[in-house]
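> When we follow the working numbering, the leftmost residue of the first sequence carries the number 595, and every step to the right adds one.
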Amino acid sequence: MTRFSEALIPTLRESPADAEATSHKLLVRAGMVRQLGAGLWTFLPAGWRVHRKVEAIIREEMDAIGGQEMLMPVLQPADLWTKTGRVGIEELFKLEDRKGSDLVLAMTHEEAITAHVASEVRSWRDLPKLLYQLQVKERDEPRPRAGILRTREFVMKDAYSFDRDEEGLDRSYEACIGAYDRIFDRCGLSWYRVASDVGMMGGQGADEYMAPCAAGEDEVAISAGYAANVDVAIGTPEPVELPEGRDAPLEVETPGLTTVEEVSGALGVPEGALIKAVPFTGDTGEVVMALVRGDDEVNPILLGNAAGLDLRPSTEGEISDRIGPPGFIGPVGTEVRVIKDSQVTGRGLVCGANAADRHLQGVEPGRDFACEEHDIRRVREGDSAPDGSPIRLEPAIEIGNIFKLGTRYSEALGATFLDEDGRVRPIVMGSYGIGPARIVAALAEQGADEAGLSWPASVAPWQVELVALGKGDDETTRIAADLYRELRDSGVEVLFDDREAGAGQKLTDAELIGCPLRIVVGRKGVEAGELEASWRASGDDFTIPLDQGTVRIGQLVAEMS
RNA sequence: CGGGGCGUGGCGCAGCCUGGUAGCGCACCUGCUUUGGGAGCAGGGGGUCGCUGGUUCAAAUCCAGUCGCCCCGACCA
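1) Taking a contact to mean a Cβ-Cβ separation below 8 Å, would you say Ala884 touches Ile933 in this structure?
2) I'd like the list of long-range same chain contacts for Glu845, defined as Cβ closer than 7 Å, with 5 residues on each side in sequence excluded.
3) When the Cα of Gly1024 is compared with those of Pro806, Asp1091 and Ala769, which residue comes out closest?
4) Determine the DSSP secondary structure at Asn948, reduced to helix, strand or coil.
5) Please list the terminal residues of the continuous beta strand (DSSP E) segment that includes Arg887.
6) DSSP three-state label for Asn893, please.
7) Can you look up Gly796 in the DSSP assignment and give me helix, strand or coil?
8) To the nearest angstrom, how far is it from the Cα of Arg887 to the Cα of Asp977?
9) Quick check: the Cα distance between Ala773 and Glu655, rounded to an integer number of angstroms?
10) Where does the unbroken alpha helix (DSSP H) through Ala709 begin, and where does it stop?
11) Grouping DSSP H, G and I as helix and E and B as strand, with all else coil, what is Ile816?
12) I need the boundaries of the alpha helix (DSSP H) containing Phe778, first residue and last residue.
13) By Cβ distance, which residues of its chain are closer than 7 Å to Ala672, with the 5 residues on each side in sequence left out?
14) Determine the burial state of Gly924: buried for a count of at least 16 other Cβ atoms within 10 Å of its Cβ, exposed for fewer.
15) Select from Arg623, Ala601 and Leu868 the residue whose C-alpha is nearest the C-alpha of Ala611.
16) Can you round the beta-carbon distance between Val1120 and Thr1070 to whole angstroms, since I take them to be within the 8 Å contact cut?
17) Counting Cβ pairs closer than 8 Å, one from the region 930 to 945 and one from the region 868 to 878, do we hit at least three?
18) Looking only at its own chain, which residues have a Cβ that is under 6 Å from the Cβ of Tyr1026, when we skip the five neighbours before and after it?
19) What first and last residue would you give for the alpha helix (DSSP H) that runs through Ile742?
20) Is Lys619 helix, strand or coil when you go by DSSP?
21) Verify whether the separation of the beta carbon atoms of Pro1020 and Gly810 is less than 8 Å.
22) Applying the 10 Å Cβ sphere with the 16-neighbour rule, what's the burial state of Lys1118?
23) Would you report the Cα separation of Ala1038 and Arg653, rounded to the nearest angstrom?
24) CB-CB under 6 Å to Pro1055, same chain, minus the five flanking residues each way: which ones, in chain order?
25) In or out: Ser908 buried (at least 16 other Cβ within 10 Å) or exposed?
26) When you compare the CB positions of Gly940 and Leu836, do they come within less than 8 Å of one another, or not?
27) Just reading off the beta strand (DSSP E) that Glu732 is part of, what are its end residues?
28) Is the region 1045 to 1055 touching the region 816 to 828, taking contact as three or more C-beta pairs under 8 Å?
29) The alpha helix (DSSP H) with Gln1057 in it runs from where to where?
30) Quick check: Val648 and Pro984, are their CB atoms within less than 8 Å of each other?
31) I want to know whether the region 999 to 1015 touches the region 723 to 734 - three or more CB-CB distances under 8 Å.
32) Under a Cβ-count criterion, where at least 16 other Cβ atoms within 10 Å of its own Cβ denotes burial, should Gln1149 be classed as buried or exposed?
33) Count the other CB atoms within 10 Å of the CB of Leu1106; is the residue buried (16 or more) or exposed (fewer)?
34) Hey, how far is the Cα of Arg744 from the Cα of Asp877?
35) Just to confirm the assignment, what range does the beta strand (DSSP E) spanning Gly631 have?
36) Count the other C-beta atoms from every protein chain shown that fall within 10 angstroms of the C-beta of Pro667, then say buried if there are 16 or more, exposed otherwise.
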């Protein structure tokens, strides 16, 4: 299999100075990855072994649901991207060839695959199809970060489904969910499938697969029976005790008090009794006033979806012109569109009076102002999920995503077919991505301890690390070398540390690299007729009789996978 | 794009403020000793101090510009 002395596994005693994330530090220290430039990473042999094992699991599960693997170019004519309207995306790398033709480096492959399917698929009989590839993607990221977590070039498994209609898409989508669930389970990850924002991909539905880890750049709202990206998560907060209602709003003086904290303090009401009015301006110039409880924040994504607009926070000038003095605005008497969070209810609420240094008490939605009602507040730790269980927020890294694309790409690129009635119809598409490198990083984060990495057996670079403590050609070294050959010949993936190095270095490196099972051949053990074995994950150790080494280790390896 | 930080042998760092022959630890090479948690002794190799320009008798050090990298935020199919 692999002799450490002959392999390129450059372990490091210290972390690189610019590393912050655990996975970044440990993957570099374990000699698995190296940086070539910002967001540009090389997988060294040990790291690539892990990556390839993840790929193999992906291939098996995609093939199992009828996926067909293929390979498309990364370098593509810009023309295709003009047709789908994606050529303007800032993250898209653009370049010219020597003839001046416009090219792009693909960030995903919807354009390419749809162009092929458009020219090859004619009839309803040709559908459905599920096609996938493992291919490099290129993205001009504004900020690559955290080692291999967010890079400018990375391998992605991208799959695309092509169906005759929505029902077919639903079936393809469900099949992919099944495959994805199995893939992440088999990789040994802790993961969640969460509802997500459909984003710029458009389409009718989207789920993300998230792996919780400290270095994650997303946040997930999780409870016993609920999981959603915080971007779209909806929870129910603790109710607020409101002051007495009134027959009509009462204007009170609140000189210079513009924050929720100041107003609630001055009036002696809980922050949740205030109505926080947050103005947004749409791409059309329309101003929308979002209302949430004083102790809540507006979730701009939920608000944007509710409003059906692309929104940005309004400027002070827009607020003054269209609503009232900033700091004192409210929904009563305003002429702009008002969208109220469903948690803003009851009598006795407090809001800005749209007059300087004035607030209104005893306000009641519906009676005192008209509005649309949606869930637009940002979820908070401790909220209740729909099933009543408490929500917690966890950082997580996105490891996969699936979209119901619909016909956006097929219409743009003329991917149509003739149905059974002879009508031309656009193919209904789905898109399904997985980032193997992110799985590697998430596993590194999830399994790490003070000593280093710890890989699940299914994706470990080697199943066993065999450490020979002796030096030169003493007896222990010969025994270790014999055991290595036997294990290798019996099909065990074994990393044999045969280096001329001190025991401390070899043992620490074994913990750093994180193979599931470590076997030590040393003088003490050999004198007792034993091999010393230990599990990386639990630290449990035990001995194996020397003469049963190959057989027992073979059994343990079979059991672990 | 806004803010902050860093570029000095392979890695981690000091030196810069106050200009004057480039240093430390680890790693590496040779020899001897050593071998159960990152060994010891002796000898040795390796750096145009990111780059360009300026100031100066003299620049790692001062000035200007530029490139690269990291972190926070914005952004992120």
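Note that the Cβ used here is the ideal one computed from N, Cα and C, for glycine as well. Treat the numbers as computed from the prediction; the structure is a model and nothing was measured.
So, from the listed chains and residues:
1) In this structure, Ala884 places its C-beta atom within 8 Å of the C-beta atom of Ile933.
2) The residues are Ala947, Arg952 and Leu954.
3) It is Ala769.
4) It is coil, neither helix nor strand.
5) Run containing Arg887: Val881 to Arg887, per the beta strand (DSSP E) assignment.
6) Note: Asn893 maps to coil in three-state DSSP.
7) Reliability fails at Gly796, whose pLDDT of 49 lies under 50, so the model's placement of it is uncertain and the value that follows must be treated cautiously. Under the three-state reduction of DSSP output, Gly796 falls in the coil class, being neither helix nor strand.
8) Whole-angstrom Cα-Cα distance: 14 Å.
9) Between Ala773 and Glu655, the C-alpha separation is close to 5 Å.
10) Note, Ala709: alpha helix (DSSP H), Glu704 to Glu714.
11) Under the three-state reduction of DSSP output, Ile816 falls in the strand class.
12) Its alpha helix (DSSP H) spans residues Glu760 to Arg780.
13) In chain order, Val681, Lys688, Asp696, Leu697 and Val698 place their CB closer than 7 Å to the CB of Ala672, counting only its own chain and leaving out the 5 sequence neighbours on each side.
14) Gly924 comes out buried.
15) Answer by Cα proximity: Arg623.
16) Separation of the CB atoms of Val1120 and Thr1070 is rounded to 5 Å, and the pair is thereby assigned contact status at 8 Å.
17) Result yes; three or more Cβ-Cβ pairs closer than 8 Å.
18) Excluding its 5 nearest sequence neighbours in each direction, Tyr1026 has C-beta neighbours in its own chain below 6 Å: Ala753, Cys770 and Ile996, listed in chain order.
19) Per DSSP, Ile742 belongs to no alpha helix (DSSP H) and is neither H nor E.
20) In the structure shown, Lys619 adopts helical secondary structure according to DSSP, grouped into three states.
21) No, Cβ-Cβ distance for Pro1020 and Gly810 is not below 8 Å.
22) Lys1118 comes out exposed.
23) When rounded, the distance between both Cα atoms is 21 Å.
24) So the qualifying residues of the chain are Ala640, Arg643 and Val644.
25) Burial call: buried.
26) Yes, these two residues count as a Cβ contact at 8 Å.
27) In the DSSP assignment, Glu732 falls within the unbroken beta strand (DSSP E) covering Lys723 to Glu732.
28) No: fewer than three Cβ pairs fall under 8 Å.
29) First-last for Gln1057: undefined, no H or E at that position.
30) Going by C-beta atoms, Val648 is not nearer than 8 Å to Pro984.
31) In this structure the region 999 to 1015 does not touch the region 723 to 734; the number of beta carbon pairs closer than 8 Å is below three.
32) Counting Cβ neighbours within 10 Å, Gln1149 comes out exposed, since fewer than 16 surround it.
33) For Leu1106, the number of other beta carbons within 10 angstroms of its own is at least 16, and it is reported as buried.
34) Counting only the Cα atoms, Asp877 lies some 30 Å from Arg744.
35) DSSP places Gly631 in the uninterrupted beta strand (DSSP E) bounded by Val627 to Gly631.
36) Its Cβ having fewer than 16 others within 10 Å, Pro667 is exposed.
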